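Read in order, the letters of the sequence shown correspond to residues 0 to 80 in my numbering.
Note that CB positions come from ideal geometry on N, CA and C, so glycine has one too.
Note that the coordinates shown come from a computational prediction; the quantities given were computed from them, not determined experimentally.
What follows is a single structure, written as structure tokens, with notes after it.
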Amino acid sequence: MNHIPIKEPRFHDNTILVAAWKVGDYNAITIDWHEYKDITYYLTGEQIRKYPLTYVKNKHGFESKMYVVPLSSLDKLELTL
0 MNHIPIKEPR
10 FHDNTILVAA
20 WKVGDYNAIT
30 IDWHEYKDIT
40 YYLTGEQIRK
50 YPLTYVKNKH
60 GFESKMYVVP
70 LSSLDKLELT
80 L
């Protein structure tokens, strides 16, 4: 399972940005922000890839392809033994 850490959601549109190069077949997503902290979410690569792509410049001026994933689409990861 691929782990994707997110610093914080985009609150103006209730989404997260997921770097396209980080998306694997199975993805565990953690968000390091107050009410989302200590919760691991799960999305398949197929689910993530259905969302729109955008290009975001970082502080060095490089552009990265990012999927815009709504917070409402995140499923909590529950492990059963």
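### Message
Applying the 10 Å Cβ sphere with the 16-neighbour rule, what's the burial state of M0?
### Response
exposed
### Query
Alpha carbon to alpha carbon, how far is F61 from Y35?
28 Å
### I38 burial status per 10 Å Cβ neighbour count (16 or more: buried)
exposed
### Message
On the DSSP bridge list, what partners appear for P69?
### Response
T14
### Task
Report the partner residues of E62 according to the DSSP bridge assignment.
K56
#### Entry: Pair within 7 Å by beta-carbon distance, I30 and I5
Result yes, Cβ atoms of I30 and I5 sit closer than 7 Å.
### Message
Could you tell me the alpha carbon to alpha carbon distance between G44 and H59, rounded to whole angstroms?
### Response
28 Å
#### Entry: For K21, the three-state DSSP class (helix, strand or coil)
helix
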